[in-house]
Amino acid sequence: MNPQAKLIFMTSLLLGTTITISSNHWIMAWAGLEINTLAVLPLISKSHHPRSVEAATKYFLTQAAASALVLFSSMTNAWHTGQWDITQLSHPTSGLILTSAIAMKLGLVPFHFWFPEVLQGSPLSTGLLLSTIMKLPPITLLYMTSPSLNPTLLTILALLSTALGGWMGLNQTQVRKILAFSSISHLGWMAIIIIYNPKLTLLNFYLYTMMTAAVFLTLNSMKVLKLSTLMTAWTKVPSLNAMLLLTLLSLAGLPPLTGFLPKWLIIQELTKQEMIATATLMALLSLLSLFFYLRLAYCTTITLPPHTTNHMKQWRTGKPTNVLIAILATMSITLLPISPLILALV
Numbered sequence: 001m002n003p004q005a006k007l008i009f010m011t012s013l014l015l016g017t018t019i020t021i022s023s024n025h026w027i028m029a030w031a032g033l034e035i036n037t038l039a040v041l042p043l044i045s046k047s048h049h050p051r052s053v054e055a056a057t058k059y060f061l062t063q064a065a066a067s068a069l070v071l072f073s074s075m076t077n078a079w080h081t082g083q084w085d086i087t088q089l090s091h092p093t094s095g096l097i098l099t100s101a102i103a104m105k106l107g108l109v110p111f112h113f114w115f116p117e118v119l120q121g122s123p124l125s126t127g128l129l130l131s132t133i134m135k136l137p138p139i140t141l142l143y144m145t146s147p148s149l150n151p152t153l154l155t156i157l158a159l160l161s162t163a164l165g166g167w168m169g170l171n172q173t174q175v176r177k178i179l180a181f182s183s184i185s186h187l188g189w190m191a192i193i194i195i196y197n198p199k200l201t202l203l204n205f206y207l208y209t210m211m212t213a214a215v216f217l218t219l220n221s222m223k224v225l226k227l228s229t230l231m232t233a234w235t236k237v238p239s240l241n242a243m244l245l246l247t248l249l250s251l252a253g254l255p256p257l258t259g260f261l262p263k264w265l266i267i268q269e270l271t272k273q274e275m276i277a278t279a280t281l282m283a284l285l286s287l288l289s290l291f292f293y294l295r296l297a298y299c300t301t302i303t304l305p306p307h308t309t310n311h312m313k314q315w316r317t318g319k320p321t322n323v324l325i326a327i328l329a330t331m332s333i334t335l336l337p338i339s340p341l342i343l344a345l346v
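Going by full-length UniProt numbering, 220 is the number at position 220 of the sequence shown; the sequence numbering is gapless.
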């Protein structure tokens, strides 16, 4: 892609995100979401492969429908209350429509079908944007409207997302689809706590973004798209593979790695809210996603492929690891001991 065009699209992406997260008026938030959607479409379809064009079309249709619902929700609220302020969403029907719209934007179950398909059709670099920065504006809108949302609806959406995100990722062989289902599962953890402690949702999102960025950048530098390719990537950069193993386990939420912190705090908060059954169910459902993270980790470092493999052994490259990957991977592994400091900052 032309560097000038890429610069324009990336700037528009940042502009759209900034407009949405800093707006008080529903129309401004909607405009920011639209700018975001239009800026990311060329980044999805830049390879001109039919699969990429299909992914861009699916992404456009779902996001356009979700944006229309956001507009419809805000207009219904303005009609009944005379308020266009985002924090004044007091009409119950508007709250339900908005929750559905944001669930569609994020890819929460039952509006999740587009997300694995779009991620599978996108390059890894665009997949990283779709999994991280594109989730920030909708989560910000949820954060701002959290006092007036329906707790039962969000809890059901969150439990379904965690269950299906883990369950549907079990038999996948494409790395991008596995990461898409992992994203859906993590969004379930964010959605369940948004009403009771919105700051925990943001903390979970920041840590998830950091760990996912480390995984995507590592896979991109190793040029890995399938599990079978991942099995032979250990010859290329052994040190990077070891870091990928630990980052994947952190994403799964195993102590003493960084990913354990949000899960621990969310279960603690749910227990304080006397939602013991929900907390237990969430913890058990996270075992599903732990299975496919372990499968990825196993393929990354522990499996030596058979000698009759169809894949060429990759040459060990002498080039050093990207500094950004090193920093992100280190943070994804080692932040748990300083969790009191992180909580003080959030």
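The beta carbon of each residue, even a glycine, is placed where N, CA and C say it ideally should be. None of the values given here were measured: they were computed from a predicted structure.
- Sequence-distant Cβ neighbours of residue 138 in its own chain, meaning closer than 7 Å and more than five residues away, are 102, 105 and 106.
- The DSSP-derived three-state label of residue 25 is strand.
- Of the candidates 93, 183 and 196, 183 places its Cα closest to the Cα of residue 115.
- Looking at the DSSP output, residue 174 bridges to 226.
- With a contact defined as Cβ atoms closer than 8 Å, residue 193 and residue 266 qualify at about 5 Å.
- Nearest to residue 328 by alpha-carbon distance, out of 215, 233 and 224, is 215.
- By alpha-carbon distance to residue 210, the top candidate from 342, 331 and 243 is 331.
- The closest CA to that of residue 118, considering only 61, 147 and 165, is found on 61.
- Residue 91 and residue 80 have their C-alpha atoms roughly 7 Å apart.
- Secondary structure in the region 221-280: the alpha helix (DSSP H) runs of 4 residues or longer, each lying completely within the stretch, are 227-232, 238-252 and 260-272 in chain order.
- In this model, residue 321 and residue 240 are separated by some 7 Å (Cα to Cα).
- Here the alpha carbon of residue 30 sits roughly 38 Å from the alpha carbon of residue 291.
- Straight-line measurement puts the Cα of residue 300 at about 7 Å from the Cα of residue 234.
- A direct Cα-to-Cα measurement between residue 52 and residue 173 gives close to 19 Å.
- The beta carbon of residue 56 sits closer than 6 Å to those of 41, 44 and 45, all from its chain and outside the five residues before and after it, given in chain order.
- Take the alpha-carbon of residue 26 and the one of residue 297: they are about 43 Å apart.
- For residue 196, there is no enclosing alpha helix (DSSP H), as DSSP marks it with neither H nor E.
- Per DSSP, the continuous alpha helix (DSSP H) segment holding residue 339 begins and ends at 339-345.
- For residue 323, the enclosing alpha helix (DSSP H) starts and ends at 323-334.
- By the Cβ-count criterion, residue 109 is buried, with 16 or more other Cβ atoms from all chains shown falling within 10 Å of its own Cβ.
- DSSP places residue 53 inside the alpha helix (DSSP H), whose first and last residues are 50-81.
- Here the C-alpha atom of residue 157 lies approximately 19 Å from the C-alpha atom of residue 131.
- Taking 8 Å as the cut-off, the Cβ atoms of residue 148 and residue 82 do not count as close.
- Residue 49 is classed as exposed because its beta carbon has fewer than 16 other beta carbons within 10 Å across all chains shown.
- Following the DSSP letters along the chain, one finds residue 118 inside the alpha helix (DSSP H) bounded by residues 114-121.
- Secondary structure note for residue 143: its alpha helix (DSSP H) is the uninterrupted segment 136-145.
- Around the beta carbon of residue 341, fewer than 16 other beta carbons sit within 10 angstroms, so the residue counts as exposed.
- Where residue 102 is concerned, the enclosing alpha helix (DSSP H) starts and stops at 92-106.
- CA-CA distance, residue 1 to residue 268, rounds to 47 Å.
- Within the same chain, 20, 29, 70, 86, 98 and 102 come within 8 Å of residue 141 by CB-CB distance, once the 5 residues on both sides are set aside.
- Under the DSSP assignment, residue 131 falls in the alpha helix (DSSP H) whose first and last residues are 124-131.
- Between residue 175 and residue 219, the CB-CB gap stays under 8 Å.
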